[in-house]
Amino acid sequence: DNSLFGATGPILGQRYRLEASPAFGSLDFVGALADYRRYFMPVRPVTLAVRLLHYGRYGRDGEDPRLQPLFLGYSGLVRGYQLGSFDASECHPTSADPNGCPVFDQLLGSRMVVGNAELRLPLFGALGIGSGYYGALPIDFFVFGDAGVAWDTSNEPKITGGDRPTVYSAGTGLRMNLFGFAIAELDLVHPFERPGRNWVWELNLQPGF
13 DNSLFGATGP
23 ILGQRYRLEA
33 SPAFGSLDFV
43 GALADYRRYF
53 MPVRPVTLAV
63 RLLHYGRYGR
73 DGEDPRLQPL
83 FLGYSGLVRG
93 YQLGSFDASE
103 CHPTSADPNG
113 CPVFDQLLGS
123 RMVVGNAELR
133 LPLFGALGIG
143 SGYYGALPID
153 FFVFGDAGVA
163 WDTSNEPKIT
173 GGDRPTVYSA
183 GTGLRMNLFG
193 FAIAELDLVH
203 PFERPGRNWV
213 WELNLQPGF
């Protein structure tokens, strides 16, 4: 990790993490994580942030029903698909699974790959309001695109010949440092794989990836 962290997230450098977490006992599997992030500044003060992440459970019990499935729709992964934002009107069960909700079920699996790209800049600093890099207030304006796919051995990704689709979203937002105690993020997101939704608002407490 040689990234330079600004008021709401990294603005330069790179970070990466490789991790293997074995679990033994009544369940036997390995959690594998690969996370790479890069931050460019093509024109000051604009930062282009990109991330590629994979997490998966591998081994004999990686898909045991006692384990909670991985969920792709958390705000730190693919925005626009948050857990509490779905309602029954979006579910259109199929004859093969009359009790299912395909638009939600596509976000579950034992393995996932996520890609994110974000252009961020200090709002007041770029407008010349106040002094310093961030100007009058430590607020970043950003536009973003997210993509991801979650799968298991019975639902392989379409990109490898299966039937599990990749989900996408894009949008814009503001991120503000709350006096060093937390970072608030407000997003306006269009989730492309939710036909019943156009634009959704999300409010989270999290730094930029």
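At the far end of the sequence shown sits residue 221, using the working numbering, and the numbering has no gaps. Ideal Cβ positions, reconstructed from N, Cα and C, are used throughout, including at glycine. On a predicted model such as this, the values are computed, not experimentally measured, just so you know.
The beta strand (DSSP E) enclosing residue i, as first and last residue numbers
{"i": "Pro54", "result": "Phe41 to Val55"}
{"i": "Gly160", "result": "Ile151 to Trp163"}
{"i": "Pro34", "result": "Pro22 to Ala35"}
{"i": "Leu60", "result": "Val58 to Tyr70"}
{"i": "Ser181", "result": "Val179 to Asn189"}
Check whether residue i and residue j have beta carbons under 9 Å apart
{"i": "Gly185", "j": "Glu197", "result": "yes"}
{"i": "Asp30", "j": "Asp13", "result": "Sequence check: residue 30 is Leu here, not Asp. Not a contact, by the Cβ cut-off of 9 Å."}
{"i": "Ile141", "j": "Asn189", "result": "no"}
{"i": "Asp199", "j": "Pro81", "result": "no"}
{"i": "Ala3", "j": "Leu24", "result": "Since the first residue of the chain shown is 13 and the last is 221, residue 3 is not available in this structure."}
{"i": "Val125", "j": "Ser181", "result": "no"}
{"i": "Arg63", "j": "Gly43", "result": "no"}
{"i": "Gly147", "j": "Phe154", "result": "no"}
{"i": "Ser87", "j": "Glu168", "result": "no"}
{"i": "Arg27", "j": "Arg49", "result": "yes"}
CA nearest to the CA of residue i, picked from the options
{"i": "Arg206", "options": "Met53, Gly92, Arg29 and Leu79", "result": "Gly92"}
{"i": "Asp99", "options": "Pro34, Arg209 and Phe36", "result": "Arg209"}
{"i": "Leu16", "options": "Gln80, Ala61, Val126 and Val212", "result": "Ala61"}
{"i": "Thr1", "options": "Ile195, Gly18 and Ile171", "result": "Shown here, the chain extends from 13 to 221; a query on residue 1 therefore has no answer."}
{"i": "Phe221", "options": "Leu215, Pro114, Gly144 and Ala129", "result": "Ala129"}
{"i": "Gly21", "options": "Tyr51, Pro203 and Arg123", "result": "Tyr51"}
{"i": "Leu149", "options": "Asp158, Arg187 and Pro57", "result": "Arg187"}
{"i": "Arg72", "options": "Arg132, Pro203 and Ala35", "result": "Ala35"}
{"i": "Cys113", "options": "Lys170, Leu95 and Arg123", "result": "Leu95"}
is_contact[residue i, chain D] using C-beta, thresh 9 Å
{"i": "His202", "result": "Here chain D cannot be found, since the structure has a single protein chain."}
Residues sharing a beta bridge with residue i, DSSP
{"i": "Glu214", "result": "Asp199"}
{"i": "Ala194", "result": "Answer is none; Ala194 lacks a bridge partner."}
{"i": "Ser97", "result": "Answer by DSSP bridge pairing: none, since Ser97 is not bridged."}
{"i": "Phe204", "result": "Looking at the DSSP assignment, Phe204 forms no beta bridge with any residue, so it has no partner."}
{"i": "Phe83", "result": "Leu120"}
{"i": "Asn167", "result": "Asp164"}
{"i": "Phe17", "result": "Pro22"}
{"i": "Arg176", "result": "Pro169"}
Enclosing alpha helix (DSSP H) for residue i [first to last residue]
{"i": "Gly127", "result": "Looking at the DSSP string, Gly127 is not in any alpha helix (DSSP H); the run it does join, the beta strand (DSSP E), is Arg123 to Pro134."}
{"i": "Val115", "result": "Pro114 to Asp117"}
Segment contact, 8 Å Cβ cut-off, at least three pairs: the region 116-126 with the region 160-177: yes
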